[in-house]
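Engineer: Can you read through this structure? Questions will come right after.
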RNA sequence: GUCCCCGUAGCUUAGUGGAUAGAGCGCUCGCCUCCGAAGUGAGAGACCGCAGGUUCGAUUCCUGUCGGGGACGCCA
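Numbering (this note's numbering), first residue to last: 1 to 673.
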C-alpha cells in the first residue's frame with residue numbers, strides 16, 4: 001500500500017503548494033473513477049475538502065468523502081477504495097502512502113522532499129510569499145476609524161482602526177487597489193459642543209474640575225475630552241444652555257464667523273491628534289474625507305435633489321415627521337419601551353438640515369464615483385507624509401490656491417466595492433444607506449456595499465472601577481461613554497502597554513518597547529470574533545505572555561537569533577539542499593505544513609474579511625515554530641550536515657513567512673527584543 | 001412590539017456540516033553547565049445554555065425556549 005519515490009527528483013515536480021498538488025491529484029483520480037464506473041456526473045459536484053489529517057496515524061492530509069456517497073450512489077468506503085487504487089497506479093511524485101480510514105482518503109507524503117519544495121518556494125518568493133493577484137484591477141474603498149473630531153480617541157475607536165487597517169493590508173495582499181478613507185464628521189453636534197465649551201470658558205461660565213486651562217503635558221484632544229464632559233454636565237444643570245448649543249450648530253453650518261473657523265480649527269487639530277495616535281499603532285490612510293466638504297461642495301444638495309426627483313423621498317405634511325423629507329420603511333409605527341417610533345427614516349429635518357444618514361448616502365455615492373454625473377467637484381491636496389512614508393491626501397470643497405498640488409479627482413473614490421467599518425449599532429443606518437442606493441437604481445453598488453460590523457468594547461468591572469465608576473451594582477462589564485468621561489483613552493492604553501513591556505524587561509530600548517506595545521494592542525483588537533463584545537480588562541490586555549502579540553514577536557526574534565548565531569559561528573547556509581535528511585521530526589514537518597498553508601490561509605481570510613482568522617493562523621505558526629525549536633536538537637550543534645542544512649533553511653523560511661504575516665497584521669517585526 | 005448578536009473548562013475565548021471540541025489565563029508537578037524562560041513538558045478542568053428537528057454525520061443548519069447585550073431618535 002505504499003509507493004516510494006526518489007527524493008532527489010521529486011520536489012521540483014510538485015506544482016504550486018502541497019494543498020493544490022493533492023487537490024489536483026485527487027481530482028484526476030476522481031475523474032478516472034467516475035469514468036471507470038460509468039457515472040454521468042460533473043466533477044464540480046464533488047467538493048474536495050482537503051485538510052490536515054486529524055491524527056498523524058491517519059496520514060498527513062485527508063479528504064472526507066462521505067458526502068459523495070449520495071451523489072455517486074455508492075458507499076463511501078467503496079468510493080475511497082476505488083480512488084485510492086487509482087492513485088496507487090498513478091505513481092504520483094512525493095506520495096509515500098495512500099490509505100482509507102472510515103470515509104476518508106488519506107495521503108502520506110515524502111516529507112523531506114515535500115519540505116524542500118516548500119522551503120524553496122518561500123525563499124524564492126521572499127517578501128512576496130503569500131501575495132495573490134486575484135484582486136488586480138479592482139478598486140476597493142475601505143472607510144475606517146472615522147472618529148468624531150471633538151475629543152480624544154478611546155479603545156472602542158482602536159478596535160475599529162485595528163480591524164480596518166488589517167483589512168486594508170489583507171486586501172492589498174490579494175492585489176486589490178485599496179483606498180483607506182478616514183471620514184471626519186466635523187459638522188455634527190459634538191464639535192459644536194466643544195466650541196460652546198470654549199465660549200463658556202471665555203465668559204467665565206464654565207468650570208472644569210481639573211482646571212480650566214490645558215494642563216502641562218496634556219494633549220489638545222485630551223483637553224477637549226474634558227471640555228466635552230464638562231459642557232455635557234453644564235447642559236444637564238442649566239437646560240437653557242441647550243439653546244446656545246442649537247444656535248452654535250446653526251452658526252457652524254452656515255459659516256458664521258468666528259464660530260465656523262473655530263470649529264474648523266478645532267477639527268483640524270483633533271484630527272492631527274487622532275492621526276498621531278493611530279501612527280503609534282502603524283496605522284495610516286490614503287485620504288481624509290470631510291462631512292463639511294460634502295456639504296460645502298454641494299454634494300448633499302445634489303444627492304437630495306436626485307433622491308427627491310427619483311421618488312425615493314416622501315414629504316409628509318402631518319404626523320410625527322411633518323415637514324421632513326423621509327425614506328419610507330416598513331409598515332407603520334413600532335411600539336417601543338419609550339413609546340411610539342416610526343420606522344421611516346428622516347433624511348432632512350423640518351428645519352431643512354440633513355441628518356447624518358442623509359450625508360452618508362451622499363458620501364456612499366461619491367465612494368462609487370456616482371457623484372460624477374451630479375456636477376459636484378471636489379479638490380484633493382496633500383495633507384502630509386505619514387510615519388510609514390505613505391502620502392495622505394485630503395478632500396476640499398473649494399479650489400485651493402493656485403500653487404497647491406492637486407490630484408486628479410478620478411484617482412479617489414470610484415470603488416468597485418465599498419467596505420465601511422463601523423460598529424454593529426450602526427447596522428440599521430447602514431442598511432438605510434444601501435437601500436437608498438438601491439431605490440435610486442444603483443442596485444449593483446448597493447450589492448457591492450459591505451458593512452463590516454463589529455461589536456463594541458466595554459470595560460471589565462475591575463477596569464471600570466479603576467476609572468472611578470461605581471460598580472456596586474455588580475455588573476460584569478460597563479459601557480464606555482465619552483460624554484460622561486467613562487472610557488479608556490487610546491493613548492493611555494498604549495502608554496500603559498509600553499510601561500508594561502519595560503517592566504517585563506527593564507533594559508528594553510524605547511523603540512522596541514513601543515513596537516511591542518503596538519503589537520500587543522493590535523493583536524488584542526483583532527483576535528476576537530467580530531460578533532464578540534470585547535470586555536476590556538487592563539491586566540488582560542497588557543499581559544506580555546500567552547496568546548498575545550508579544551508572543552508572536554518573541555517567537556520571531558528567537559528565530560532570527562538562530563540565524564544570527566549560525567552566521568557568527570561561521571556557518572554559511574547552503575543555497576541548495578543537495579542531500580536531504582532521511583526523515584523529518586514531527587515538529588519540523590508540522591511547521592513546514594503550516595508555512596505551506598500561508599498563501600491559501602491568507603486568501604481565505606481576506607475573502608471572508610476575517611482578521612481574527614489571520615491572527616489565529618499567525619499564532620498557530622508561531623506556536624509550531626516554538627515547538628520545532630524545543631523539540632529538535634540545536635542546529636548550531638548538529639553534526640549531520642544534511643540535517644543541519646535543512647533545518648537552517650527551514651528557519652530561514654519560517655522567518656520569512658512570519659515576517660510577511662506579522663507585517664500583514666501591521667506589526668513591525670522585531671529581529672531582536 | 002419588530003429585528004439583530006452572544007451563550008463552549010473557574011475566567012477570556014477558537015472553531016464558516018466531518019475522525020478524540022483547539023488555545024490562553026489561573027491551578028498542580030516538572031524543565032535554563034545545548035540555538036532567547038516574554039519560552040516549554042505533563043496533569044486536572046467542557047453532557048458546546050436547554051428542548052425538539054434536518055442529516056450517514058450537528059458546537060456548526062432550522063424551530064422553539066431560557067439567560068445576556070444591542071438596534072428601531074427631526075443625535076451622530
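Even glycine gets a Cβ: it sits at the ideal position worked out from N, Cα and C.
1) Note the first and the last residue of the continuous beta strand (DSSP E) segment covering residue 395.
2) Tell me the start and end of each unbroken alpha helix (DSSP H) in the region 476-507 that is at least 4 residues and wholly inside, in chain order.
3) Taking only the alpha-carbon atoms, compute the straight-line gap between residue 684 and residue 99 and give it to the nearest angstrom.
4) What separation, rounded to the nearest whole angstrom, lies between the Cα atoms of residue 500 and residue 544?
5) Quickly, what does DSSP pair residue 99 with across the bridge? List them, please.
6) Residues in the same chain with beta-carbon distance under 6 Å from residue 180, minus the five sequence neighbours each way, listed in chain order, please.
7) What is the DSSP secondary structure of residue 218, counted as helix, strand or coil?
8) My output table needs one value for residue 2: the three-state DSSP class, helix, strand or coil.
9) Skipping 5 residues on each side, what residues in its chain have a beta carbon closer than 8 Å to that of residue 658?
10) Which of helix, strand or coil does DSSP assign to residue 675?
11) Please report the distance separating the alpha-carbon of residue 9 from that of residue 112.
12) Roughly how many angstroms lie between the CA atoms of residue 404 and residue 534, to the nearest whole one?
13) Grab the span of the beta strand (DSSP E) containing residue 526 for me, first residue to last.
14) Does residue 81 pass the burial test, meaning 16 or more other C-beta atoms within 10 Å, or should it be called exposed?
15) Could you check which residue in 484, 587, 571 has the C-alpha nearest to that of residue 231?
16) Taking residue 116 as the reference, give the member of 75, 393, 654, 540 with the closest Cα.
17) Is the beta carbon of residue 244 sitting closer than 9 Å to the one on residue 196?
18) Can you tell me which of 439, 416, 470 puts its alpha carbon nearest to the alpha carbon of residue 448?
19) Classify residue 497: buried if its beta carbon has 16 or more other beta carbons within 10 angstroms, exposed otherwise.
20) Between residue 158 and residue 614, what straight-line distance do the alpha-carbon atoms span, to the nearest angstrom?
21) Taking the beta carbon of residue 457 as the centre, do at least 16 other beta carbons fall within 10 Å, making it buried, or is it exposed?
22) Let me confirm a value: residue 633 is counted as buried when at least 16 other C-beta atoms fall within 10 Å, else exposed. Which label applies?
23) Give the list of continuous beta strand (DSSP E) stretches no shorter than 3 residues that lie fully inside the region 398-431.
24) What does the alpha-carbon distance come out to for the pair residue 312 and residue 329?
25) Taking 9 Å as the threshold (C-beta atoms), are residue 459 and residue 537 in contact?
26) To which residues of the same chain is residue 4 closer than 7 Å at the C-beta, ignoring the five residues directly before and after it?
27) Which residue marks the beginning of the beta strand (DSSP E) containing residue 387, and which one marks its end?
28) Does the Cβ of residue 203 have 16 or more other Cβ atoms within 10 Å, making it buried, or fewer, making it exposed?
29) Unbroken beta strand (DSSP E) runs of length 3 or more, entirely within the region 16-86: which are they?
30) Could you tell me if residue 35 is buried or exposed, where buried requires 16 or more neighbouring beta carbons within 10 angstroms of its beta carbon?
31) Are the CB atoms of residue 523 and residue 667 within a distance shorter than 9 Å?
32) Given a cut-off of 9 Å on the beta-carbon distance, is the pair residue 612 and residue 529 in contact?
33) How big is the Cα-Cα spacing for residue 1 and residue 103?
34) Express the C-alpha separation of residue 78 and residue 28 in angstroms, rounding to a whole number.
35) Output needed for residue 7: all residues of its chain with C-beta closer than 7 Å, excluding positions within five of it in sequence on either side, in chain order.
36) Taking C-beta to C-beta, are residue 584 and residue 573 nearer than 9 Å?
Structural biologist: So, to answer that:
1) 391-396 is the extent of the beta strand (DSSP E) around residue 395.
2) If only complete runs of 4 or more residues are kept, the region 476-507 shows the alpha helix (DSSP H) at 490-504, in order along the chain.
3) Residue 684 cannot be examined here, being either before or after the span of the chain that is shown, 1 to 673.
4) For the pair residue 500 and residue 544, the Cα-to-Cα distance works out to about 8 Å.
5) Looking at the DSSP output, residue 99 shares a beta bridge with 106.
6) Only 142, 168, 285, 286 meet the Cβ criterion.
7) If DSSP states are grouped into helix, strand and coil, residue 218 belongs with coil.
8) Low per-residue confidence applies at residue 2: pLDDT is 36, beneath 50, and the placement is therefore not dependable, though the value from the model is reported in the following sentence. When DSSP states are grouped into helix, strand and coil, residue 2 belongs to the strand group.
9) Once the five neighbours on either side are set aside, the close Cβ partners of residue 658 are 552, 555, 556, 559, 618, 621, 622, 625, 669.
10) Outside the shown range of the chain, which is 1 to 673, sits residue 675, and nothing can be said about it.
11) Because residue 9 carries a pLDDT of 48, less than 50, the predicted location of this residue cannot be relied on, and no value is offered for it.
12) Distance between the alpha carbons of residue 404 and residue 534: 44 Å.
13) Counting along the chain, residue 526 falls outside any beta strand (DSSP E), though it belongs to the alpha helix (DSSP H) covering 510-526.
14) Counting Cβ neighbours within 10 Å, residue 81 comes out exposed, since fewer than 16 surround it.
15) Taking residue 231 as reference, the option from 484, 587, 571 with the minimal CA-CA separation is 484.
16) That would be 654, whose Cα lies nearest to the Cα of residue 116.
17) Residue 244 places its beta carbon less than 9 Å from that of residue 196.
18) Sorting 439, 416, 470 by C-alpha distance to the C-alpha of residue 448 places 416 at the top.
19) In summary, residue 497 is buried, with 16 or more beta-carbon neighbours lying within 10 Å of its beta-carbon over all protein chains present.
20) If I take the Cα positions, the gap works out to 18 Å.
21) Residue 457 comes out buried.
22) By the 10 Å Cβ count, residue 633 comes out exposed.
23) You should have 417-423.
24) Their backbone Cα atoms lie some 11 Å apart in a straight line.
25) In this structure, residue 459 lies closer than 9 Å to residue 537 by Cβ.
26) Because residue 4 sits at a pLDDT of 38, beneath the cut-off of 50, its placement in the model cannot be relied upon, and the point is left open.
27) Residue 387 -> no beta strand (DSSP E), and no H or E assigned at all.
28) It is exposed - the Cβ of residue 203 has fewer than 16 other Cβ atoms within 10 Å.
29) As far as the region 16-86 is concerned, its whole beta strand (DSSP E) runs of at least 3 residues are 61-64.
30) Residue burial is scored here from C-beta neighbours: residue 35 has fewer than 16 other C-beta atoms within 10 angstroms and is therefore classed as exposed.
31) Yes, the Cβ-Cβ distance between residue 667 and residue 523 is below 9 Å.
32) Cβ distance < 9 Å, so residue 612 and residue 529 count as in contact.
33) Confidence at residue 1 is low in this model, with a pLDDT of 33, below 50, so the placement of that residue is unreliable and no value is reported for it.
34) Residue 28 and residue 78: Cα-Cα distance of roughly 17 Å.
35) In this prediction, residue 7 scores a pLDDT of 42, lower than 50, which makes its location untrustworthy; the coordinate-derived value is nonetheless stated afterwards. Contacts found: 110, 112, 113, 580.
36) Contact: no.
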